[in-house]
Amino acid sequence: MAKETLTIKDNRTGKTYEVPIQDGSIRTAELRKIKVSDDDFGLLGYDPALMNTASCKSKVTYIDGDNGILRYRGYDIADLADNSNYLETAYLIVKGELPDSQRLKAWTHNIKMHTMVHENIRKFMDGFRYDAHPMGMIMGTVAAMSTFYPDAKDVEDLQSRRLQTRRLIGKLPTISAFAYRQMRGLPFVYPDNELSYTGNFLQMLFKIAGNYTPDPVIERALEVLFILHADHEQNCSANAVRAVGSSLVDPYSAVASGIGALYGPRHGGANEAVVQMLTKIGSVKNVAKAIKSFKSGEDRLMGFGHRIYKAYDPRGKIIKKLADEVFEVTGKNKLIDIALELERIALQDEYFVERRLYPNVDFYTGIIYQAIGFPTTMFPVLFAIPRTSGWLAQWSEMVRDPEQKITRPRQLYIGEDLREYAPIKGRPKPSDREDKVAEVI
Ligand code: CMC
Numbered sequence: 406m407a408k409e410t411l412t413i414k415d416n417r418t419g420k421t422y423e424v425p426i427q428d429g430s431i432r433t434a435e436l437r438k439i440k441v442s443d444d445d446f447g448l449l450g451y452d453p454a455l456m457n458t459a460s461c462k463s464k465v466t467y468i469d470g471d472n473g474i475l476r477y478r479g480y481d482i483a484d485l486a487d488n489s490n491y492l493e494t495a496y497l498i499v500k501g502e503l504p505d506s507q508r509l510k511a512w513t514h515n516i517k518m519h520t521m522v523h524e525n526i527r528k529f530m531d532g533f534r535y536d537a538h539p540m541g542m543i544m545g546t547v548a549a550m551s552t553f554y555p556d557a558k559d560v561e562d563l564q565s566r567r568l569q570t571r572r573l574i575g576k577l578p579t580i581s582a583f584a585y586r587q588m589r590g591l592p593f594v595y596p597d598n599e600l601s602y603t604g605n606f607l608q609m610l611f612k613i614a615g616n617y618t619p620d621p622v623i624e625r626a627l628e629v630l631f632i633l634h635a636d637h638e639q640n641c642s643a644n645a646v647r648a649v650g651s652s653l654v655d656p657y658s659a660v661a662s663g664i665g666a667l668y669g670p671r672h673g674g675a676n677e678a679v680v681q682m683l684t685k686i687g688s689v690k691n692v693a694k695a696i697k698s699f700k701s702g703e704d705r706l707m708g709f710g711h712r713i714y715k716a717y718d719p720r721g722k723i724i725k726k727l728a729d730e731v732f733e734v735t736g737k738n739k740l741i742d743i744a745l746e747l748e749r750i751a752l753q754d755e756y757f758v759e760r761r762l763y764p765n766v767d768f769y770t771g772i773i774y775q776a777i778g779f780p781t782t783m784f785p786v787l788f789a790i791p792r793t794s795g796w797l798a799q800w801s802e803m804v805r806d807p808e809q810k811i812t813r814p815r816q817l818y819i820g821e822d823l824r825e826y827a828p829i830k831g832r833p834k835p836s837d838r839e840d841k842v843a844e845v846i
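Quick note on our numbering: the sequence shown kicks off at 406 and runs consecutively.
Below, the structure is given as structure tokens:
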């Protein structure tokens, strides 16, 4: 049988090293043994953006990017989208197994018991300006929640972790709806626990006066969208939650950092950017010109491309179908025609084919959200709510993993060597330093 090792020869010294291979990886710490002298620090792995580094072992989510496969705890995403609801999927993600009916009932009850927020949180949110971005509002509010639950600091206690998990999954829709109402200048609507997770969210968002009954098609569409966004293994925000959480800070602070990571246009902010891009293109007849600008690098085709998927994003396929169901109720969003034409051309174009750029999860979500009546700034919030269960599963796995320590990468220092402090009068003239200073601004 082939030996599961890697032999490395250091041509500087002529020495060879045997490094074990496990699960298709080597421990980069093994490279430290490769030295030219005793006082040499040893080799480091250099991997900007962690493109080829596994930072943890995880049992939560499996992705096969070449074949467009996504599974939570072994269950295929399409199977869950067809048959599950968000809270059941959240249970699966957080606890590792699908619940039986008794457990699901208890879990749903426990989450609903935490939908209400402390009145001071409501007042705190009242203080945001009318034009504050809702992602900024929920990020700030989740961080502030750590001050309401000092027991959350006990991250090594299982009961505390469970309680904060229920609180966060329960409260995210409430504070997200409050952020929306704040933007609109509307009074906050309190949770109604008689409704489903998404039905309650819809009423907190859109209830104006009197009774509000969520449309069952929209309610179900949101459940599916929430299932599709619940986790995505070691993406930028999950990595942020794990890295910040590795200091053993409370989960509110860690999740707030995840929301910050998700906010950016290269991550959860992409769905917002897609609708802005489609609106700017304006008409199907402008698509060919737009494609040119994406190919020249002048613009990016937002909602296309993925670090891991080099095939059609399996979530994108489900969302594309969902759009038709939603439009039956809301009426067609005209942007869909532009999106379909962009996809049609891009999937045949050499530039996109060569680079294996396909529509990702964000390509069609924004169009659906807009049809439901969400302003674009709410789109990443609709990503953050369901992703909270994924972040918490990743966080809890990290806290319990005996191999994990505080995240602390290395660097390759390429700056100045030791320099002596020069009094201000004797310093080089600005003209000599101009280039260097310009580089860091
Ligand atoms: N439009 C045009 N060209 C692109 C695009 C795009 N959307 N995405 C990648 N490319 C090109 C890129 O210019 C590069 O070309 P070249 O080799 O000639 O330099 C090549 O494809 C590889 O791209 P990359 O930027 O090195 O790939 P990456 O893995 O670092 O980036 C990405 C992945 C998702 C950040 C990127 O594809 C992108 O910016 N897409 C648009 C934003 C987007 O839709 N983000 C949502 C991601 S999915 C949801 C989530 O997980 O948050």
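Quick reminder that beta carbons are idealized off the backbone N, C-alpha and C, glycines included.
In this text the structure is predicted, and so the values were computed from the model without any measurement.
Starting from the C-beta of Y585, find all residues in its chain whose C-beta is less than 7 Å away, skip the five residues before and the five after it, and write them out in chain order. So the qualifying residues of the chain are P539, L610, M783.
So who's on the other strand from L411, going by DSSP bridges? Answer is V424.
Given a threshold of 16 other Cβ atoms within 10 Å of its Cβ, counted over all protein chains shown, does V758 qualify as buried or as exposed? Here V758 is exposed. Its C-beta has fewer than 16 other C-beta atoms within 10 Å.
Return yes when the C-beta of G708 is under 7 Å from any heavy atom of the ligand GTP, and no when it is not. Looking for the ligand GTP in the displayed structure turns up nothing; the ligands present are the ligand CMC.
Under the rule that 16 or more other beta-carbon atoms within 10 Å means buried, what is H514, buried or exposed? With a threshold of 16 other beta carbon atoms within 10 Å, H514 falls short and is exposed.
Residue of V692, I498, S698, D452 minimising C-alpha distance to Q799: If we check each option's Cα against that of Q799, I498 comes out closest.
Coarse secondary structure for S442, derived from DSSP in three states: Of the three classes helix, strand and coil, the one that applies to S442 here is coil, per DSSP.
Enumerate in chain order the residues of its own chain whose CB-to-CB distance from L411 is below 7 Å, with the five nearest sequence positions on each side excluded. Once the five neighbours on either side are set aside, the close Cβ partners of L411 are V424, I426, I431.
Any chance the CB of V465 is under 7 Å from a heavy atom of the ligand CMC? At a threshold of 7 Å, V465 does not count as near the ligand CMC, since its beta carbon sits no closer than that to any of the ligand's heavy atoms.
Among the residues of its own chain, which have a CB less than 7 Å from the CB of A847, if the five just before and after it don't count? Absent from the model: residue 847. The displayed extent of the chain is 406 to 846, so no value can be given.
Please find out if some non-hydrogen atom of the ligand CMC comes closer than 7 Å to the beta-carbon of D767. Result yes, Cβ under 7 Å from the ligand CMC.
Examine the Cβ distances between the region 643-653 and the region 481-492 and report whether three or more of them are shorter than 8 Å. With a cut-off of 8 Å, the region 481-492 and the region 643-653 do not count as touching, because too few Cβ pairs lie within range.
Once the 5 residues before and after Y769 are set aside, which same chain residues still bring their CB inside 6 Å of it? Result list for Y769: I724, K725, A728, in chain order.
Would you call the CB atoms of L683 and L740 closer than 8 Å? It is a contact, given that the beta carbons lie within the stated cut-off.
Tell me the start and end of each unbroken alpha helix (DSSP H) in the region 756-843 that is at least 4 residues and wholly inside, in chain order. Segments of the alpha helix (DSSP H) lying fully in the region 756-843: 767-777, 784-805.
In its own chain, which residues sit with a C-beta less than 6 Å from the C-beta of H523, not counting the 5 before and 5 after it? Excluding positions up to five away in sequence, the list reads F553.
So if DSSP puts Y480 in a beta bridge, which residue, or which two residues, is it bridged to? Beta-bridge partners assigned by DSSP to Y480: Y477.
Pair within 8 Å by beta-carbon distance, G721 and A675: Contact flag unset, no.
Could you name the residues that DSSP lists as bridge partners for S430? Beta-bridge partners of S430 (DSSP): Q427.
Backbone CA spacing between D487 and W512 [nearest angstrom]: Put simply, the backbone Cα of D487 is about 21 Å away from that of W512.
Check I713 in the structure and name its three-state DSSP category. I713 carries a coil assignment under DSSP once its states are collapsed to helix, strand and coil.
Beta-carbon proximity list for L509, same chain, < 8 Å, skipping 5 on both sides: The answer, listed in chain order, is L492, E493, Y496.
Would you kindly report the start and end of the unbroken beta strand (DSSP E) that includes D848? In the structure as shown, the chain starts at 406 and stops at 846, and residue 848 therefore has no counterpart that could be examined.
Provide the residue(s) that pair with Y491 in DSSP beta bridges, ordered along the chain. Assignment of beta-bridge partners to Y491 by DSSP yields no partner.
Which residue wins for smallest C-alpha separation from E767, given the options A744, L752, Q753, I750? A quick correction: the sequence has Asp, not Glu, at residue 767. Checking every option, the nearest Cα to that of D767 belongs to A744.
Take I696 and list the residues in its own chain whose beta-carbon comes closer than 8 Å to its own, dropping the five residues that flank it on each side. Within the same chain, L706, L747, I750, A751, D754 come within 8 Å of I696 by CB-CB distance, once the 5 residues on both sides are set aside.
Sort out for me which residues DSSP pairs D469 with in a bridge. Bridge partners of D469: I474.
Run the CB neighbour count on V560, radius 10 Å, all protein chains shown included, and call it buried at 16 or more, exposed below. Classification of V560: buried, given that the 10 Å Cβ count is 16 or more.
DSSP three-state label for M518, please. Here M518 carries a coil assignment [DSSP, helix/strand/coil].
Relative to the C-alpha of I790, which residue among L630, P621, Q809 is closest? Answer by Cα proximity: L630.
Given A666, which residues of its chain have a CB within under 7 Å of its CB, disregarding the five upstream and five downstream residues? The answer, listed in chain order, is C641, S642, A645, H672.
Measure how close the beta-carbons of M803 and S651 come, nearest whole angstrom, since I'm counting them as under 8 Å. Contact holds; Cβ gap of about 6 Å.
Check whether the region 602-622 touches the region 689-703, counting contact only when three or more Cβ pairs, one atom from each stretch, lie closer than 8 Å. Cβ pair count under 8 Å is below three, so no.
Hey, how far is the Cα of F593 from the Cα of I526? If you draw a straight line from the Cα of F593 to the Cα of I526, it is about 12 Å long.
Where A614 sits in the DSSP three-state scheme: Three-state DSSP puts A614 in coil, outside helix and strand.
CB of N644 to nearest heavy atom of the ligand CMC: below 7 Å? Residue side-chain check: N644 keeps its Cβ at 7 Å or more from all non-hydrogen atoms of the ligand CMC.
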